[in-house]
Amino acid sequence: MKEHLLASKVTGIPPSGIRKFFDIVTEMKDVISLGVGEPDFDTPWHIREEGIYSLEKGKTIYTSNSGLMELRQEITLYLERRYKIGYDPKTQVLVTVGASEGIDLALRALINPGDEILIPEPSYVSYKPCTVLAGGVPVVIATKAENEFRLTAEELEANITPKTKALILPYPNNPTGAIMRKEDLEKIVEVLKNKDIIVISDEIYAELTYGGEHISIASFPEMYEQTVVLNGFSKAYAMTGWRMGYAAGPQALIAAMTKIHQYAIMCAPSTSQYAGIQALRHGDEDVQMMRSSYDGRRRLLVQGFRDMGLDCFEPLGAFYVFPCIQKTGLSSNEFCERLLQEQKVAAVPGTAFGDCGEGFIRCSYAYSVENLKEALHRIEQFVKKYI
Numbered sequence: 000m001k002e003h004l005l006a007s008k009v010t011g012i013p014p015s016g017i018r019k020f021f022d023i024v025t026e027m028k029d030v031i032s033l034g035v036g037e038p039d040f041d042t043p044w045h046i047r048e049e050g051i052y053s054l055e056k057g058k059t060i061y062t063s064n065s066g067l068m069e070l071r072q073e074i075t076l077y078l079e080r081r082y083k084i085g086y087d088p089k090t091q092v093l094v095t096v097g098a099s100e101g102i103d104l105a106l107r108a109l110i111n112p113g114d115e116i117l118i119p120e121p122s123y124v125s126y127k128p129c130t131v132l133a134g135g136v137p138v139v140i141a142t143k144a145e146n147e148f149r150l151t152a153e154e155l156e157a158n159i160t161p162k163t164k165a166l167i168l169p170y171p172n173n174p175t176g177a178i179m180r181k182e183d184l185e186k187i188v189e190v191l192k193n194k195d196i197i198v199i200s201d202e203i204y205a206e207l208t209y210g211g212e213h214i215s216i217a218s219f220p221e222m223y224e225q226t227v228v229l230n231g232f233s234k235a236y237a238m239t240g241w242r243m244g245y246a247a248g249p250q251a252l253i254a255a256m257t258k259i260h261q262y263a264i265m266c267a268p269s270t271s272q273y274a275g276i277q278a279l280r281h282g283d284e285d286v287q288m289m290r291s292s293y294d295g296r297r298r299l300l301v302q303g304f305r306d307m308g309l310d311c312f313e314p315l316g317a318f319y320v321f322p323c324i325q326k327t328g329l330s331s332n333e334f335c336e337r338l339l340q341e342q343k344v345a346a347v348p349g350t351a352f353g354d355c356g357e358g359f360i361r362c363s364y365a366y367s368v369e370n371l372k373e374a375l376h377r378i379e380q381f382v383k384k385y386i
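Heads up: the sequence shown runs through residues 0 to 386, numbered per numbering that gives the first Met the number 0.
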């Protein structure tokens with residue numbers, strides 16, 4: 000096929016910077032990979048069992064486009080219980096194929112050609128491509144290590160123009176592990192209230208918050224009608240392969256997102272939906288156990304990087320650390336390539352998450368303590384050559 004027949008907005012998007020290193024890792028032996036953002040726990044048995052039971056009972060037909068009503072009810076109960084946000088399960092909740100579909104749907108439902116979408120970076124690799132594919136213009140807000148990679152009100156206000164349609168608020172953050180505290184959000188709310196700007200709040204790591212509870216910007220009364228909350232089951236319940244997410248927000252926006260979902264997807268997998276009901280009803284102890292385990296590994300990695308002489312701010316969310324490697328004199332790509340070749344440890348260059356990620360690397364701690372300790376030992380041997 001001739002390449003010129005392909006859509007230019009697709010060919011113009013670079014491939015994911017994460018995939019490059021994953022592809023190399025698959026061809027090498029004895030590599031310790033800290034690159035994958037995926038829980039190392041199995042999906043809790045009672046959740047798997049519910050999925051199996053739904054298959055045994057033949058519950059394999061299409062559900063409502065919006066998702067099983069029983070699941071949507073459980074989602075609203077969960078959001079009210081955990082984050083003090085109330086939604087109508089009939090009109091304000093949509094079950095999606097992972098939170099990733101929710102990102103795509105929200106952007107396509109909002110963007111007219113040329114609309115600007117504000118994207119704090121470093122952040123998840125899909126935001127900019129999905130914005131471009133929807134016909135929008137990504138406007139990057141570079142967050143800074145000295146602010147612990149939080150979005151400040153001043154940075155936000157400086158980037159708002161008459162063309163601004165939405166802000167993606169990606170906290171707890173992938174790749175930095177940064178969070179937004181209540182006082183941080185209050186300042187953001189002051190900037191956004193009474194403006195025709197929608198917040199797409201990606202809260203997939205909400206349950207993986209350490210040293211305090213996650214707060215959603217949608218819980219502020221002024222922002223309720225301006226915010227769509229995206230969340231899912233992949234990170235909190237170790238259900239990545241089940242592809243289950245959801246969106247909750249203003250009725251008109253959820254209706255528009257559902258319309259796109261109708262034509263593109265039809266509905267989320269029924270087996271996963273039944274498992275999701277079980278997760279929300281009886282999964283709190285599982286989440287607490289996994290969060291506690293991640294917390295110990297988080298502290299291990301942060302201290303390990305500091306002990307070898309690298310600056311590393313304390314991440315309070317997700318399951319990543321984002322150490323600064325500038326002291327080595329290497330770029331992020333050089334550091335990761337040489338580390339992989341010389342010590343067989345895979346990390347992700349910070350630039351995979353935006354240009355302002357230069358000088359940093361992302362390491363996931365969703366791995367066994369044994370592997371993390373060995374990885375730290377190998378990284379230390381590598382770093383000694385440069386600092």
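C-beta: ideal position from N, C-alpha, C; glycine also.
Model, not experiment: these values are computed from the prediction.
- Taking a cut-off of 8 Å on C-beta distances, the segment 344-362 does not touch the segment 203-214, as fewer than three cross pairs fall below it.
- Residue 131 and residue 8 have their C-alpha atoms some 7 Å from each other.
- In the displayed model, residue 346 falls within coil according to three-state DSSP, outside both helix and strand.
- Distance from the Cα of residue 212 is smallest, within the candidate group 384, 248 and 171, for 171.
- Taking one beta carbon from each stretch, the segment 273-280 and the segment 337-345 have fewer than 3 pairs nearer than 8 Å; the two do not touch.
- Closest by C-alpha distance to residue 163, out of 194, 182, 64 and 144, is 194.
- When secondary structure is reduced to three states using DSSP, residue 208 falls in the strand class.
- Counting only runs of 4+ residues, the alpha helix (DSSP H) found wholly inside the segment 136-193 occupies 152-158 and 181-191, in chain order.
- If you draw a straight line from the Cα of residue 257 to the Cα of residue 44, it is about 31 Å long.
- Leaving aside the five residues that flank residue 52 on each side, the residues in its chain whose CB is nearer than 8 Å to its CB run, in chain order, 273.
- The three-state reading of DSSP puts residue 64 in coil, since its state is none of H, G, I, E or B.
- Here residue 82 is near residue 215, since their CB atoms are less than 9 Å apart.
- Under the 8 Å Cβ criterion, the segment 91-99 counts as touching the segment 64-78, having at least three qualifying pairs.
- DSSP places residue 245 inside the beta strand (DSSP E), whose first and last residues are 244-247.
- Per DSSP, the unbroken alpha helix (DSSP H) holding residue 46 starts and ends at 44-55.
- The C-beta distance from residue 144 to residue 312 rounds to 6 Å, short enough to fall under 8 Å.
- Put simply, the segment 27-43 touches the segment 360-374. At least three CB pairs are less than 8 Å apart.
- Excluding its 5 nearest sequence neighbours in each direction, residue 189 has C-beta neighbours in its own chain below 8 Å: 152, listed in chain order.
- The DSSP-derived three-state label of residue 218 is helix.
- If you compare the alpha carbons of 64, 229 and 140 with that of residue 78, the shortest gap goes to 229.
- Under the three-state reduction of DSSP output, residue 308 falls in the coil class, being neither helix nor strand.
- Across the structure, residue 155 and residue 287 are spaced so that their CA atoms are roughly 34 Å apart.
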